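Per this note's numbering, the very first residue in the sequence shown carries number 212; after that it's consecutive. Note that the Cβ used here is the ideal one computed from N, Cα and C, for glycine as well. Here the structure is a predicted model, which is why all the values come from computation and not from measurement. Here is the structure we will look at, set down as structure tokens.
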Amino acid sequence: FSQLPGWSVRPDGSIVIATGNDDALGLYRCTPYNSYGTAGESRPTRVLLKDPPTFTVRPKEEYFQEVGRELVIPCVAHGDPPPTVTWMKVGSVGKSSAQVHGNSSLVLHPLIKEQHGIWECTATNQVASVTTATSVHVLGTSPHAVTNVSVLPLLLAANISWEPGFDGGYFQRFSVWYTPLVTYPLRAHHDWVSLSVPAGAQHLLVENLQPDTSYQFSVLAQNKLGSGPFSQIVTSVPRGFPVTTVPPEPPAMTVHVFLSPPRALTANETVRGVLLRWDPPARASVALSGYALELRQDKGGWEVLERSIPGTDTQVLVPGLIKDAFYEFRLVAFAGSYISDPSNTVNVSTAGMEVYPSRTQLPELLPQPVLAGVIGGICFLSVAVIFSTMAACIMNRRRAARVRKRRQ
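Right, dumping it as structure tokens:
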């Protein structure tokens, strides 16, 4: 073996070949012996060189496809002997509904929401097993559940954070749901309370919780197609005030204000602009102060378009939109220093529409051309009255002068 680099014999008689090549091919026999001799050779064994599987066609890192359509993902491997190619969705339980073509391609038809995620293609033969992965994104669905929900207990509060799931191809919003784990007399459960999360945020501070009371928390994602599944429920206990021997001051009276968002916001195109109509909030424990209209263009950030809409109004005209753009509108209600959650969002596309005037108007106001005509008419009448008065004064003076001459 000294003439073969990388070859060695172990104390138990095994041969170690560090690098397999053509020198290793052939028949091998083992002959054991000691000081008394040998009992003979072993049966021969043949050494063959085989190739492990290698991928000749790998899937792309990511695939995006609409729900209900067909998605074909290629995966081809060679080896000696030829490998067997299988597909498996990471984290799936039970048999998958996916099919595998004769050319080892994964076929998802029709594509469903549950097939979103990481898929692995594995090639296996007698020598080795190799795996490659790809990510499948199913578009046009409701959101997926958020993950890694955590609750940080605070003083009479809790900070909830999470990692968003896939949004289904649309903008998604979140809401935090919580309930105390207490049983009231004549009542076997307690209602869940939901809090809207500001757009783009992945955490929310829940305040005004009872000390030393267990609470359950869950997060829900929603997009334009509906709600996704709730996240896993996390239980936490907010911290209470530290124990002290000094009697605490009586708590101040807390007034709970209920202000639900405006309802049934709709948008209609008119010759003067886009007319938005809505219904007042269903619940308002105090009188409405007014409304604020928010918009965003082409999926950008939300901006306040009009912040002083009277609380008695239920419609507003929005001109000044840019042609061939996509707008989203929503409305919030005010009651004193309180603000409601946003209303439903309406979408407006100005593709092919004319450009409107540049100032937002309430629909009961006169259009600018009509208003200009009215003002011009008033000015003309005023000038006519002034000239008539001046002419009458001059005529009176002349008449008085003639009368004086006749008397003289």
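- One alpha carbon belongs to Glu281, the other to Ala339, and they sit about 32 Å apart.
- Going by C-alpha positions, Asp552 is about 23 Å away from Gln427.
- Beyond the five residues adjoining it in sequence on each side, Arg384 comes within less than 8 Å, by CB distance, of Ser407, Val408, Ala410, Ala432, Gln433, Asn434 in the same chain, given in chain order.
- Rounded to the nearest whole angstrom, the CA to CA distance from Gly217 to Lys324 is 53 Å.
- Under the 8 Å Cβ criterion, the region 326–346 does not count as touching the region 249–258, having fewer than three qualifying pairs.
- Cα atoms of Thr600 and Val614: separation of roughly 22 Å, rounded to the nearest angstrom.
- Contact between Ser346 and Glu277 is ruled out by a C-beta separation of about 16 Å, above the 8 Å threshold.
- By DSSP's assignment, Pro292 forms no beta bridge with any residue.
- From the listed residues Ala602, Gln508, Leu504, Asp535, the smallest Cα separation to Leu528 is found for Leu504.
- Taking each of Val543, Ser361, Val557, Val485 in turn and checking the Cα distance to Ser519, the smallest one comes out for Val543.
- Taking the Cβ atoms as the reference, Pro294 lies roughly 6 Å from Thr335, within the contact range of under 8 Å.
- Contact check for Ser442 and Ala356: beta-carbon distance about 5 Å, within the 8 Å limit, so the pair qualifies.
- In this structure, Val557 and Ala493 do not form a Cβ contact; the two beta carbons are roughly 18 Å apart against a cut-off of 8 Å.
- The Cβ-Cβ distance between Val296 and Val311 falls below 9 Å.
- According to the DSSP secondary-structure assignment, Pro364 is paired through a beta bridge with Ala369.
- Non-local beta-carbon contacts of Asp262 in its own chain, meaning distances under 6 Å to residues more than five positions away in sequence, involve Gly290, Asp291 in chain order.
- Rounded to the nearest whole angstrom, the CA to CA distance from Leu317 to Leu436 is 28 Å.
- Within the region 526–567, the complete beta strand (DSSP E) runs of at least 3 residues fall at 526–529, 537–546, 557–560.
- Partner residues in the beta bridge of Gln310, as assigned by DSSP, are Val318.
- Shown here for Val515: same chain residues with a beta carbon closer than 7 Å to its own, the five before and five after excluded, namely Ala503, Glu505 in chain order.
- Counting only unbroken stretches of 3 or more residues, the beta strand (DSSP E) elements lying wholly within the region 488–521 are 501–508, 514–521, in sequence order.
- Under the DSSP definition of a beta bridge, Asp262 partners with Asp291.
- The C-beta distance from Val404 to Ala369 rounds to 13 Å, too long to fall under 8 Å, and the pair is not in contact.
- Gly379 is positioned such that its CB atom lies closer than 9 Å to that of Val349.
- Between Ser554 and Pro491, the beta carbon gap of about 11 Å keeps them out of contact (Cβ cut-off 8 Å).
- When DSSP assignments are scanned along the region 407–433, no uninterrupted stretch of alpha helix (DSSP H) that is 4 or more residues long falls wholly within it.
- Between Lys616 and Arg608, the alpha-carbon positions lie close to 13 Å from each other.
- Judged by their CB atoms, Glu480 and Leu486 are nearer to each other than the 9 Å cut-off.
- When secondary structure is reduced to three states using DSSP, Leu282 falls in the strand class.
- When the Cα atoms are used, Val559 and Trp513 turn out to be separated by approximately 15 Å.
- A Cβ-Cβ contact shorter than 9 Å links Pro285 with Pro270.
- Between the C-alpha atoms of Leu499 and Leu420 there is a straight-line separation of about 27 Å.
- Taking 3 residues as the shortest admissible run, the region 223–271 contains the following complete beta strand (DSSP E) segments, listed from N- to C-terminal end: 226–228, 237–239, 256–258, 262–268.
- Bounds of the beta strand (DSSP E) holding Phe385 are 384–391.
- Remark: C-beta atoms of Pro354 and Gly439 approach each other more closely than 9 Å.
- Contact between Leu238 and Pro255 holds: CB atoms are separated by about 5 Å, below the 8 Å threshold.
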